[in-house]
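Under my numbering, the first residue of the sequence shown is numbered 2, with each subsequent residue one higher.
Just so it is clear, CB atoms sit at the ideal spot from N, CA and C, and this is done for glycine as well.
No experiment lies behind these values; they were computed from the predicted model shown.
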Amino acid sequence: MKLLRALYPERVICVACGRPSDGEFLCSKCEEELAALRLDSPGQHAAYHYDGVAKKLVHHLKYDCLTASATVLAREISRCAVQLHLSPDTVVTWVTMPDLRRKMRGIDHGRVLAQAVALRLGLPARQLLIRSGKHPLRTQRGSSKAKRLRNLVGMFSPVEEMPKYVLLVDDVTTTGATMETCCACLRRAGAQVTHLAATKVV
Ligand SMILES: [Zn+2]
Numbered sequence: 002m003k004l005l006r007a008l009y010p011e012r013v014i015c016v017a018c019g020r021p022s023d024g025e026f027l028c029s030k031c032e033e034e035l036a037a038l039r040l041d042s043p044g045q046h047a048a049y050h051y052d053g054v055a056k057k058l059v060h061h062l063k064y065d066c067l068t069a070s071a072t073v074l075a076r077e078i079s080r081c082a083v084q085l086h087l088s089p090d091t092v093v094t095w096v097t098m099p100d101l102r103r104k105m106r107g108i109d110h111g112r113v114l115a116q117a118v119a120l121r122l123g124l125p126a127r128q129l130l131i132r133s134g135k136h137p138l139r140t141q142r143g144s145s146k147a148k149r150l151r152n153l154v155g156m157f158s159p160v161e162e163m164p165k166y167v168l169l170v171d172d173v174t175t176t177g178a179t180m181e182t183c184c185a186c187l188r189r190a191g192a193q194v195t196h197l198a199a200t201k202v203v
């Protein structure tokens with residue numbers, strides 16, 4: 002799959018499955034499957050179920066550094082954001098990754114996704130959270146929400162110049178602990194925060 006992508010430019014093969022895509026990021030089959038994964042209500046604060054093609058796109062975004070995946074996911078996140086009637090002064094931000102992990106992966110995929118959403122919405126994207134955690138390599142996978150929240154205490158601090166309106170974007174939300182922690186941090190710094198994830202584990 003990686004080799005295929007290296008050989009072909011974007012919009013020749015499908016970002017999700019690698020089959021011919023007729024000039025689109027996704028082939029028609031994957032496009033259909035992705036549409037079926039859409040979460041209906043903006044009250045869910047997420048665009049898709051974390052499953053099938055949506056899960057593949059998040060995985061590609063995270064581990065293959067594939068900005069085309071961000072572009073595809075940003076379409077639906079932006080559509081949800083429009084339904085939330087954001088202020089025109091909103092700044093889009095992301096859950097900042099620990100330095101060490103970013104160095105290992107070579108890219109901050111949260112930033113790439115936030116920038117793709119900001120581009121579609123015509124809003125600026127800016128880093129507003131500083132990561133100050135002591136356990137940069139510990140993942141939260143499989144932990145309960147209470148445990149996740151405990152682990153996240155003191156992990157984030159806000160930048161000094163906080164905008165009034167913020168849209169926080171993330172790739173996947175499970176218990177919502179990370180989003181809650183980051184939103185609380187931004188709110189304490191004076192921002193009115195809306196959050197949206199590309200996918201939600203349900
Ligand atoms: Zn496909």
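Excluding five sequence positions before and after Arg132, the CB atoms of its chain that fall closer than 8 Å to its own CB belong to Thr97, Met98, Pro99, Asp100, Met156 and Phe157, given in chain order. In the displayed model, Ile108 falls within coil according to three-state DSSP, outside both helix and strand. Ligand 1 has a heavy atom closer than 7 Å to the beta-carbon of Leu27. Apart from the 5 residues on each side of it in sequence, Leu87 sits with its Cβ closer than 8 Å to the Cβ of Leu122, Leu124, Tyr166, Leu168 and Thr195 in its chain, given in chain order.
With a cutoff of 8 Å on beta-carbon distance, Arg149 and Ala119 are scored as not near each other. Residue side-chain check: Ala55 keeps its Cβ at 7 Å or more from all non-hydrogen atoms of ligand 1.
In this structure, the C-beta of Arg76 stays at least 7 Å away from each heavy atom of ligand 1. The beta carbon of Ala36 sits no closer than 7 Å to any heavy atom of ligand 1. Leu40 and Val73 have their C-alpha atoms spaced approximately 16 Å apart. Residues Gly53 and Val54 of the same chain have their beta carbon placed closer than 7 Å to that of Glu34, with the five preceding and five following residues left out of the count.
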